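Numbering (this note's numbering), first residue to last: 1 to 115.
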């Protein structure tokens with residue numbers, strides 16, 4: 001599986017960015033999917049997930065500022081990020097939420113929030 005995340009960039013504090021994830025040949029709605037963040041020197045952490053029914057969960061750190069969604073027609077996963085803070089900087093990845101069934105990690109997409 002080739003996970004392709006995109007949409008990152010340099011964003012001012014308080015700004016917004018929308019990330020996208022696509023996996024050729026994979027029907028994303030069939031899986032519990034998640035977005036992960038890895039800051040500099042940090043471990044990769046799950047920030048948002050969406051299951052097959054569309055139920056969403058967020059980490060406490062990002063709750064209220066990030067919105068995960070899935071476009072089933074386009075087979076794409078999104079992460080809308082608003083009110084960005086410098087601490088949100090990092091590489092964002094998409095993957096299956098459950099640890100034991102994760103696919104190989106893609107390159108992710110870098111988000112840098114300037115203060």
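Beta carbons are placed, not taken as given, at the ideal position from N, Cα and C, and that holds for glycine.
Computed from a predicted structure; not experimentally measured.
| Query | Result |
| --- | --- |
| CB contact flag (residue 14, residue 79, <9 angstroms) | no |
| Burial state of residue 90 (16 or more Cβ within 10 Å) | buried |
| Residue 51, DSSP secondary structure in three states | coil |
| Other residues of its chain near residue 66: CB distance less than 8 angstroms, five sequence neighbours each side excluded | 35, 47, 48, 58, 79, 80, 81 and 82 |
| Residues that residue 34 bridges to, as DSSP identifies them | 49 and 95 |
| Residues that residue 79 bridges to, as DSSP identifies them | 19 and 68 |
| Nearest to residue 41 (by Cα), restricted to the options 87, 7 and 69 | 87 |
| Option in 24, 63 and 31 with minimal Cα separation from residue 5 | 24 |
| Other residues of its chain near residue 115: CB distance less than 7 angstroms, five sequence neighbours each side excluded | 13 and 86 |
| Per-residue burial, residue 60 [other beta carbons within 10 Å of its own, 16 or more giving buried] | exposed |
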